[in-house]
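Scroll down for the structure; my scribbles are underneath it.
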Amino acid sequence: MPHKTLAAALALVASAAAPTAAAHEPHEPHEPHELRGRQADHRLVITVANSGAGDGTYELRCHPAGGEHPRPTEACAAIDGAAAPFAAVPKDAMCTYVWGGSATAEVEGVWAGEPVRASFSRVNGCEIERWDALVPALPRIDG
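Sequential numbering of the sequence shown, starting at 326, is according to my numbering.
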């Protein structure tokens with residue numbers, strides 16, 4: 326009989342301690358786990374040169390959209406909608422020889438938790454298409 330009493334006493338102590346321990350745990354935000362920390366996983370610095378009015382360095386944060394970028398919501402949507410937005414043009418790609426101007430952009434940071442370091446230009450048809458896929462994250466170049 327003492328064995329049952331000991332087990333009951335231990336169960337009572339354990340159940341009494343559980344609410345106390347839970348009361349001291351840090352408060353978790355009320356959002357789905359997959360969204361926690363997403364903004365930190367989607368943070369870029371975009372530096373644009375030789376584009377005209379779009380030149381400058383902008384911080385872009387996404388999920389939710391923010392930062393110094395002039396159009397953060399649209400910029401985040403453009404990047405989200407692009408297939409492999411930071412992938413370089415393959416070396417064996419057949420590109421048209423079309424000059425799209427001297428604009429360049431450097432993009433560095435983290436996207437979807439992965440490091441990003443990408444360069445953009447408009448030196449041929451492939452690079453122009455790659456740039457245009459990210460407008461308005463990169464400025465629209467008319468010409």
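Backbone N, C-alpha and C fix where the C-beta goes; we use that ideal spot for every residue, glycine too.
All values reported here derive from a predicted model rather than from experimental measurement.
Residues near residue i in its chain [Cβ-Cβ closer than 7 Å; skip 5 each side]
i	result
residue 400	385, 394, 461, 462
residue 366	435, 437, 438
residue 423	449, 450, 453
Whole-angstrom distance between residue j and residue i, CA atom to CA atom
i	j	result
residue 418	residue 425	17 Å
residue 456	residue 389	23 Å
residue 414	residue 458	13 Å
residue 405	residue 430	18 Å
residue 428	residue 403	19 Å
residue 416	residue 409	16 Å
residue 466	residue 379	9 Å
residue 369	residue 387	9 Å
residue 381	residue 464	10 Å
Rounded Cβ spacing between residue i and residue j (contact assumed at less than 8 Å)
i	j	result
residue 432	residue 371	5 Å
residue 411	residue 443	4 Å
Local Cβ density within 10 Å of residue i, reported as buried at 16 or more and exposed below that
i	result
residue 447	buried
residue 398	exposed
residue 377	exposed
Nonlocal neighbours in the same chain, by C-beta distance under 8 Å from residue i, ignoring five residues either side
i	result
residue 452	414, 420, 425, 445, 446
residue 407	458, 459
Neighbourhood of residue i by C-beta distance below 6 Å, restricted to the same chain and skipping five residues each side
i	result
residue 454	none
residue 396	461
residue 391	397
residue 383	371, 393, 394
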